[in-house]
Amino acid sequence: MPWGEFKDTAAERRLFQRRTIVVMTFVVLMIGGLIARMYQLQVVEHEVFTTLSDKNRVQVQSVPPPRGLIYDRNHVLLAENRPVFSVTLVPERVDGMDQTLSQLGGILDVSGEDLERFHRRLQEPRRPFQEIPLRYDLNEQEMARLAVHRHELPGVEVKAELVRYYPHSTLTSHSLGFVGRINRDELQRIDPVNYAGTNYIGKSGIERFYEELLHGTVGYQHVETNARGRTLRVLERENPVPGEDLQLQLDLRLQERAYDLLDDRRGAIVAIEPATGGILALASVPGFDTNKFVTGISVKDYRELSESRDKPLFNRALRGQYPPGSTLKPMLAIAALDSGATDRDYTIWDPGYFQLNNSGRRYRDWKRTGHGWVDLMDAMAESCDVYFYEIAVKMGVDTMYSYLSRFGFGEDASLDVSGALSGLLPSKEWKRAMRSEPWYPGDSVNLGIGQGFMLATPLQLATATSLIANRGTWVEPRLLREIDGDTPVEQYLPDGNHEPLKLKNPADWEFVVDTMAEVMHGRHGTARGSGRNAPFRMAGKTGTAQVFSLAEDEEYDAEEIRERLRDHALFVGFAPVDNPKIAVAVIVENGGGGSSTAAPVARELFDAWLVEFPAGDQEAVVGNVENKGLD
Amino acid sequence: MALNEFIASSAANPLGRPRGIWSTLHLDPILLFLLLALVSGGLFVLYSGADRNVEVVKAQGIRLGVAFVVMLVFAQLDPSVFRRWAPWLYGAGIIALLAVLVVGVGAKGAQRWLALPGLPRFQPSELMKLVVPMMAAWYLSRHYLPPRLRHVAVGLAIVLVPMMMIIKQPDLGTSLLVGMAGLFVVFFAGISWKLITAFIALVSVSAPMMWFFVMRDYQKQRVLTLLDPQSDPLGAGWNIIQSKTAIGSGGFDGKGWLQGTQSHLEFLPESHTDFIVAVLAEEFGFIGMLVLMTVYFLIILRCLYIAVTAQDSFSRLLAGALTMTFFIYIFVNVGMVSGLLPVVGVPLPLISYGGTSSVTLMAAFGVLMSIHTHRRMIGA
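Top to bottom, those sequences are chains A and B. Each position in the first sequence, counted from 1, maps to that position plus 41 in my numbering. Each position in the second sequence, counted from 1, maps to that position plus 3 in my numbering.
Set out below in C-alpha cells:
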C-alpha cells in the first residue's frame with residue numbers, strides 16, 4: 042500500500058489531534074504534580090529540611106582542654122603535654138574494617154598487640170562516631186605514607202593529641218601518679234559533657250587527686266563536615282579553659298637524691314618540711330616508667346612489672362605497711378612521759394631480757410648482754426628494748442593507743458596524697474573484733490618496741506616525726522604547694538583536722554628531741570656513725586623490723602630467701618634540731634639494721650637539703666646549674 | 004557570493020515560497036532557542052554540581068557540541084529516510100541487543116555496551132530509544148488508523164521485545180524509556196480506550212509477576228526504599244534522603260549558585276549526574292525549579308505543535324512519541340530525585356553530565372526539526 046493513499050488522512054489527523062490533547066493534559070498534570078512536589082518540599086517542609094541540612098553539615102565537636110602542668114617547688118616541670126600523632130578509625134565510617142586494617146598494616150607498623158587492643162576497644166561501649174586509636178606516636182615517615190593513602194581509607198584519620206609526658210617518669214612515678222585512658226568505671230563517674238573530648242584521666246597520685254583542677258573545662262567548635270565526616274572548616278569556636286598548673290611541694294633534686302640513695306634496693310623515703318607539712322620527697326623504689334601507662338601499656342611490659350618480685354608498681358611510701366620497730370620509741374617516750382609512766386630520771390636495770398612475771402616468757406633485748414642501768418635518755422640513744430617493754434606495760438594499750446593515734450597512726454592523716462593507707466594501730470577493741478581474743482599484756486610488750494600487730498607506712502612515720510620536730514604542732518602532709526593563677530590553694534587543699542598534741546609539760550618535747558639528738562650525736566647513739574661531722578644537729582631514731590615469714594607463693598631460692606628474710610632497716614629523724622627544715626622516714630626492705638643501712642641514707646638527705654641546696658638559696662643553685670649548661 | 008545573495012537565492016525555492024535561513028538549515032528557531040537556553044543554564048548547574056570542576060563542564064560542553072552536530076545532521080535528513088530505514092535499523096538493533104547479552108561488556112554488574120572491533124564502544128539500548136518508536140510508527144502508519152487489534156498486538160510486540168532484552172541487561176531506566184516511546188506511538192495511533200484500560204489492567208496483574216520473576220534484588224530494593232527511605236538511611240535510602248534534604252533546604256529562592264551545602268559537602272551522591280536537579284533545587288530554590296519546568300514545558304509544547312502540524316501519520320506518530328520520551332525523562336528523573344518514584348538511572352535531559360543520553364535526545368530533536376522543516380516539500 043503506497044503511503045498516504047486510500048487513507049482518510051483528515052480523519053487520522055483529527056484522531057492524532059484528539060490524542061495530542063489528551064497527552065497535553067497528561068503532561069500538564071504531571072508537570073503540575075512535579076511542581077506541587079517541589080512546592081511541598083521547598084516551601085511547606087522547608088524548615089524540616091533546612092534543619093536536616095544543617096545537621097548534616099554542621100557538627101559540634103568538643104575541644105578537650107589542655108591538661109594543667111605540674112611543677113616541683115623550684116618550677117621544674119614534672120608533667121607536661123606532648124603532641125602525639127596517632128592513627129584513629131571511626132568504625133561508622135570505615136567501609137570494610139578487616140580490609141582497612143590490613144591495608145593500614147601495609148602502610149604502618151601495626152603490631153599484633155595494637156590490633157588486639159584496637160579490637161578490644163571496638164567491643165567496648167563508646168560514643169557514636171568516636172574514633173578508636175589504632176597506633177600512637179607515628180613517626181614522620183609513617184605520617185607521610187598515610188597522607189598518600191588517606192583518600193583510599195575512609196574513616197581513617199591522623200589525630201594530633203596532647204598526651205601527658207613525664208620527663209622524670211621513674212622518679213615521680215609514685216609521688217605524682219599518672220594519667221591513663223578513661224576506663225568503663227570512670228566513664229560512669231565523670232561528667233560526660235566536660236569529658237566529651239578527653240581521653241585521659243588521672244589514675245593515681247596528684248594526677249588523680251587534683252583531676253578536677255588539672256582537667257579544665259571542655260571547649261566546643263561547630264565544624265562543617267562533608268558526608269564522610271571530614272572537617273572542612275570551623276564555623277565558631279568556644280575555647281576550652283585549660284587546666285590549672287600546679288606547683289608541688291616536692292623538690293625534684295631531693296627526690297632524685299632519695300632514689301639514688303635507695304639505689305637498687307627496695308625501700309621508701311618520705312621527707313617532709315615540718316613547718317608546712319609539704320612533702321619534699323616521696324620515693325618508692327623501684328619505680329617504673331609512667332609514660333608507658335599513659336597511652337596504654339603493652340601486655341608484656343605490664344606483666345613484667347606486675348610479676349616482678351621487687352613490685353615496682355607497689356607504692357611503698359604510701360601503701361607499704363611495716364612494723365615500725367624502734368622508730369616508734371620517740372612517740373612512745375612522749376606518751377610515757379606525758380602519761381606519767383616514766384620520767385626523765387627513771388632508771389631501770391636491763392639484764393638483756395624482760396619478763397612480765399617471774400614465771401613468764403622472756404622478751405629479749407636486741408642486745409643479748411643487756412644495757413645495764415638505763416634512763417630514758419640512754420634507752421633512746423641505745424635503743425634499749427627492755428626499758429620500753431617496761432613502760433609499755435605500765436602505760437597499757439589504751440594509753441599507748443590514745444597517744445599514738447594523736448600522732449596520726451591508724452589513719453591516713455595526709456591531705457592530698459591519694460592512695461595512702463592507714464596502717465594498723467592495734468587496740469583492745471580491734472583485737473577483740475578482728476582476732477576474737479582479749480588484749481594480753483604480752484601484746485603491750487610487743488607494741489612497746491613497735492612490733493606485734495602495729496603497722497605503719499613510711500608516710501605515717503614521717504608525719505609523726507614531723508609532729509615531734511614541731512613539738513606537737515600538727516601540719517598534715519601535703520603535696521600541693523600552689524596553684525598557678527588566681528585560685529587559692531585553700532580552695533582545693535582539704536583542711537587539716539588534727540588537734541595539736543599538747544603535753545602537760547611542754548618541755549618534754551625538748552627532752553625527747555634531745556634523746557633523739559643523742560641517737561645521732563651521743564657516745565652510745567645507735568646512729569652516731571651517721572651523725573659524725575655534721576655541721577648541724579639532728580635528731581633521729583633507728584629501727585629494725587623483723588620479717589617473720591615468706592609469702593607462701595614465693596619460690597624456694599636459698600640465696601634469695603636469705604636476703605628476703607633479713608630485717609627491714611628503718612630510720613626516722615629530722616634536722617636541724619632547733620629549727621627543723623626536714624623530717625624523714627626511711628625504710629630499706631631487708632636492709633638489715635636501721636643504724637647501718639637506713640640512718641646513713643637519712644644523713645645524706647639532711648646534708649643534701651640543708652647544705653647542698655639550702656631552702657633560702659634556691660635561686661643561686663638554679664643559676665649555677667644554668668651557668669654550667671651554658672659553659 | 005555574498006551572504007545576502009546566498010540567503011536570497013536559497014529563499015527562492017521551486018514553489019516560489021520564501022524560505023528563510025532556518026528552513027535552509029532545516030532548524031526550528033523556537034526549539035533551537037529553547038534548547039540552547041536549557042543547555043547553557045544546565046552548564047552553570049553542572050559547574051556547581053561537579054564541585055567547580057571545570058574539566059567536567061568542558062567535557063560536557065564538547066559532548067553537547069557533538070550532540071548539536073548530530074541534531075543538525077538528523078535535521079537534514081528527509082523524514083522519509085527514517086521511515087525507509089526504520090525496519091533495517093530495528094533489525095540491526097535487535098541483533099545488537101542480542102550481541103550485548105552474549106558478548107557485551109559492562110560495568111557495575113550490568114552489560115550495556117557493545118565493543119565491536121574498529122568501532123567506538125556503544126550502547127545499542129540507547130539507540131533503541133529512537134529506533135523503537137520509528138519502527139512502531141512505521142508499522143502502524145502502514146495501516147488504517149485507528150489500528151485494529153491485530154495491528155496493536157504486533158505494535159506492542161515491536162515495543163516489548165527490545166524492552167525485555169534491555170531489562171535483561173539489566174537497565175531498568177533505559178528499558179522504561181524505550182518502552183514508553185513505543186507505547187506512546189501506539190497511543191497516538193489511536194488505540195481504543197477499551198484496550199488501554201485492558202492494558203493497564205494487564206500491567207497491574209503482571210506487576211507482581213515482574214516482582215517475583217524479572218526484577219533483580221537491587222531493583223526491588225530501590226522500590227522498597229522508595230516506600231520507606233528511612234528503613235535504610237545509610238544504604239539505599241541515603242540518596243533519597245539526601246536529595247530530598249537538598250531540595251527542601253533550598254526553599255523558595257535557593258541558597259544561591261555554588262552555595263548548596265548538601266551537594267558541595269558530598270552529602271548528595273551523583274550530584275552532577277542523575278541527581279543534578281537536586282543541586283539546582285538547592286541553589287535556585289522553588290523559583291529555579293519553576294523556570295526549569297517552564298523551559299521543559301515550552302519545549303514539549305513546541306514539539307507537540309510540530310507533531311500536530313506534521314503532514315503524514317508516520318511523522319506525527321514519531322514526533323509525538325519522541326516528545327513524550329523527552330517528557331518521560333523529565334518526569335522520571337525529577338520524580339525520582341524528589342522521592343516520588345524509585346531510583347532508576349534516568350538522567351535529567353540535557354543537564355545531567357553524560358554523553359549518550361544527550362546525543363540521543365538531540366538526535367530526536369533533529370528528527371523533530373526534520374519533520375517540521377521538510378513538511379512543505381512532502382506536501383507538494
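Idealized CB from N, CA, C, for every residue including glycine. Note that the coordinates shown come from a computational prediction; the quantities given were computed from them, not determined experimentally.
Using a Cβ-Cβ distance cut-off of 8 angstroms, determine whether residue i contacts chain B.
i, result
"GLU314 (chain A)", "no"
"LEU56 (chain A)", "yes"
"HIS192 (chain A)", "no"
"ARG28 (chain A)", "The first residue shown for chain A is 42 and the last is 672, placing residue 28 (chain A) beyond what the model contains."
"ALA51 (chain A)", "no"
"ILE148 (chain A)", "no"
"ARG114 (chain A)", "no"
"SER216 (chain A)", "no"
"MET79 (chain A)", "yes"
Answer with yes or no whether the minimum CB distance from residue i to chain A is below 8 angstroms.
i, result
"GLY153 (chain B)", "The identity of residue 153 (chain B) in the sequence shown is Arg, whereas the question assumes Gly. So no, ARG153 (chain B) is outside the interface."
"LYS247 (chain B)", "yes"
"PHE300 (chain B)", "yes"
"VAL311 (chain B)", "yes"
"SER341 (chain B)", "yes"
"PHE368 (chain B)", "no"
"ILE3 (chain B)", "Any property of residue 3 (chain B) remains undetermined from this structure, which presents chain B solely from 4 to 383."
"THR264 (chain B)", "yes"
Taking the CB atoms as reference points, tell me whether residue i and residue j lie closer together than 8 angstroms.
i, j, result
"PRO281 (chain A)", "VAL264 (chain A)", "no"
"PRO174 (chain A)", "ARG134 (chain A)", "no"
"TYR112 (chain A)", "ASP379 (chain A)", "no"
"GLU165 (chain A)", "THR129 (chain A)", "no"
"LEU163 (chain B)", "HIS154 (chain B)", "no"
"ALA580 (chain A)", "PHE615 (chain A)", "yes"
"ILE309 (chain B)", "HIS375 (chain B)", "yes"
"ARG98 (chain A)", "THR266 (chain A)", "yes"
"GLY491 (chain A)", "GLY366 (chain A)", "yes"
"TRP407 (chain A)", "ASP419 (chain A)", "no"
"MET13 (chain A)", "LEU465 (chain A)", "Because chain A here runs from 42 to 672, residue 13 (chain A) falls outside it and cannot be looked at."
To the nearest angstrom, report how far apart residue i and residue j are at their CA atoms.
i, j, result
"ASP220 (chain B)", "VAL220 (chain A)", "53 angstroms"
"GLY288 (chain B)", "ILE250 (chain B)", "7 angstroms"
"THR50 (chain A)", "SER316 (chain B)", "8 angstroms"
"GLY584 (chain A)", "ASP304 (chain A)", "20 angstroms"
"LYS469 (chain A)", "ASN538 (chain A)", "25 angstroms"
"LYS688 (chain A)", "PHE552 (chain A)", "This structure leaves residue 688 (chain A) out entirely; chain A is present only between 42 and 672."
"ALA454 (chain A)", "TYR363 (chain A)", "17 angstroms"
"LEU133 (chain B)", "MET166 (chain B)", "13 angstroms"
"GLU277 (chain A)", "VAL108 (chain B)", "51 angstroms"
"SER446 (chain A)", "GLU452 (chain A)", "8 angstroms"
"THR276 (chain B)", "LYS223 (chain B)", "22 angstroms"
"GLY23 (chain B)", "LEU80 (chain B)", "18 angstroms"
"PHE250 (chain A)", "THR388 (chain A)", "49 angstroms"
Tell me whether residue i sits in a helix, a strand or coil according to DSSP, three-state version.
i, result
"GLY411 (chain A)", "coil"
"ALA237 (chain A)", "coil"
"SER463 (chain A)", "coil"
"LYS197 (chain B)", "helix"
"LYS545 (chain A)", "coil"
"ASN487 (chain A)", "helix"
"GLY259 (chain B)", "coil"
"HIS29 (chain B)", "coil"
"ARG54 (chain A)", "helix"
"ILE96 (chain A)", "Here residue 96 (chain A) is Lys; the residue named in the question, Ile, does not match the sequence. If DSSP states are grouped into helix, strand and coil, LYS96 (chain A) belongs with the helices."
"ARG403 (chain A)", "strand"
"THR440 (chain A)", "helix"
"PHE612 (chain A)", "strand"
"LEU133 (chain B)", "helix"
Can you check DSSP and say which residues form a bridge with residue i?
i, result
"VAL128 (chain A)", "A:ARG176 and A:VAL199"
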